[in-house]
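This report concerns only the one structure given below.
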Amino acid sequence: MEKIAVILIRGTATAKKEIADTLYMLKLRRKHAMVLLEKTPANMGMIYKVKDYVTYGEMDESFEKTLKEKRPEEYAKGFFRLHPPKGGFERGGIKKAYSNKGALGYRGKEIVSLIKRMME
Numbered sequence: 343m344e345k346i347a348v349i350l351i352r353g354t355a356t357a358k359k360e361i362a363d364t365l366y367m368l369k370l371r372r373k374h375a376m377v378l379l380e381k382t383p384a385n386m387g388m389i390y391k392v393k394d395y396v397t398y399g400e401m402d403e404s405f406e407k408t409l410k411e412k413r414p415e416e417y418a419k420g421f422f423r424l425h426p427p428k429g430g431f432e433r434g435g436i437k438k439a440y441s442n443k444g445a446l447g448y449r450g451k452e453i454v455s456l457i458k459r460m461m462e
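So the sequence shown is residues 343 to 462, counted in this note's numbering.
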């Protein structure tokens with residue numbers, strides 16, 4: 343089954359309780375944390391609910407294997423702690439959608455390049 347990578351971009355200090363609870367269920371408890379989820383209707387519903395706080399996209403199987411090799415202990419936990427991206431986020435900042443030159447929401451296969459910049 344296809345995997346979805348979800349990265350928490352914005353903090354949860356001013357988020358509504360149901361948004362914060364959903365992020366907690368997804369194991370996204372700190373900024374720049376990433377989880378890999380199966381693409382199921384339940385997971386996609388939760389991701390859609392928190393789309394204004396996260397960015398997400400499809401993960402390549404080859405890149406998932408490199409993640410497993412580079413960080414096996416974090417892979418076993420179910421979440422990864424990443425650095426802020428080298429070169430910063432997109433020009434629009436962290437309050438706009440990726441489709442509007444921001445950093446939030448769905449970005450498809452482009453998520454792999456963001457993860458690579460955040461792992462350096």
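The C-beta atom is built at its ideal place from N, Cα and C for all residues, glycine as well.
Taking the alpha-carbon of His425 as reference, which of Leu350, Lys345, Glu344 has the nearest alpha-carbon?
Numbered from 1 along the sequence shown, position 83 holds the residue referred to as residue 425. Among Leu350, Lys345, Glu344, the Cα nearest to that of His425 belongs to Leu350.
Tell me the residue span of the alpha helix (DSSP H) that contains Tyr366.
The count along the sequence shown starts at 1 and reaches residue 366 at position 24. Looking at the DSSP string, the run of the alpha helix (DSSP H) that includes Tyr366 is 359-367.
With a floor of 3 residues, list each beta strand (DSSP E) that falls wholly inside the segment 378-419, ordered by position along the chain.
396-400
Given 8 Å as the limit, is there contact between the segment 411-421 and the segment 386-394, that is, 3 or more CB pairs closer than that?
no
If I follow the unbroken beta strand (DSSP E) through Leu350, where does it start and stop?
Mapped onto the sequence shown, residue 350 falls at position 8. 345-350 is the span of the beta strand (DSSP E), which, as asked, contains Leu350.
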